[in-house]
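Asker: Start counting at 1 in the sequence shown, then tack on 286, and there's your number in the numbering used here.
Think of the CB as a built atom: it goes at the ideal place given N, C-alpha and C, for glycine as much as any other residue.
Quick one: this structure, given as structure tokens, is what I'll be asking you about.
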Amino acid sequence: MQKTSPSQSLTGFGFVNGALRRILCQTGINLNAAKSMTHSPGTHALLDLYDCDAALLADASALQALLQRAADAAGATTLAAHFHHFGDGMGVTGVLLLAESHISIHTWPEHRFAALDVFLCGDGQLERARALLCEGLRAGRADWREFFRGISLKG
């Protein structure tokens, strides 16, 4: 399996190589329009947040509430939630199971870092979820990557 580095990533097209990326940028091709030309059952986004509020990263209840607000903002329906705090000074891992897929979080308060995974099928509003998560965790820096899943499926 080939790994994609952040420098190779282009919103929604992590597989696009450097030469093709330059051509797309130079020609002004709209990548969202390119996505609409294929069938994709969902968009999977990875969000790395740096310099977050350490106390918040250790608060399972607050994180669950934040992820619920993000799911609501994205227009998703929560089916179940499970969050686990690893103990004093430790982080949290949690997941919201959505009718549209899932949102998960893993935190490291000692590094002020959170890794999130947002996968929505259908017409969910990923950007709304992203903005709410960045603001809610008071992130100093964010790295967001989107991947269109199943793009080889026939529409």
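By how many angstroms is the C-alpha of residue 366 removed from the C-alpha of residue 421?
Answerer: 24 Å
Asker: Can you tell me whether residue 357 is buried or exposed? The criterion is at least 16 other CB atoms within 10 Å of its CB, across all chains shown.
Answerer: buried
Asker: Output the distance between the C-alpha atoms of residue 477 and residue 382, rounded to the nearest integer angstrom.
Answerer: The structure shown does not extend to residue 477, since the chain is modelled only from 287 to 441, so the question has no answer here.
Asker: Could you say which of 410, 380 and 326 lies nearest to residue 370 if we only look at CA atoms?
Answerer: Per the Cα distances, 380.
Asker: Compute the Euclidean distance between the alpha carbons of residue 444 and residue 354, then round it to the nearest angstrom.
Answerer: Beyond the ends of the chain as shown, which are 287 and 441, falls residue 444; an answer cannot be given.
Asker: Which stretch, first to last residue, makes up the beta strand (DSSP E) that contains residue 407?
Answerer: Counting along the chain, the beta strand (DSSP E) containing residue 407 begins and ends at 399 to 407.
Asker: With a threshold of 8 Å between beta-carbons, can residue 428 be considered close to chain C, or not?
Answerer: The displayed structure is made up of one protein chain only, and chain C is not part of it.
Asker: At the level of alpha carbons, what is the spacing between residue 401 and residue 326?
Answerer: 24 Å
Asker: Taking its Cβ as the centre, do 16 or more other Cβ atoms sit within 10 Å of residue 388, making it buried, or is it exposed?
Answerer: buried
Asker: Please look up how many angstroms separate the CB atoms of residue 360 and residue 406, rounded, as I've assumed it's under 8 Å.
Answerer: Their Cβ separation, rounded to whole angstroms, is 6 Å, which keeps residue 360 and residue 406 in contact under 8 Å.
Asker: Quick check on residue 434: buried or exposed, where buried means 16 or more other Cβ atoms within 10 Å of its Cβ?
Answerer: Buried is the call here.
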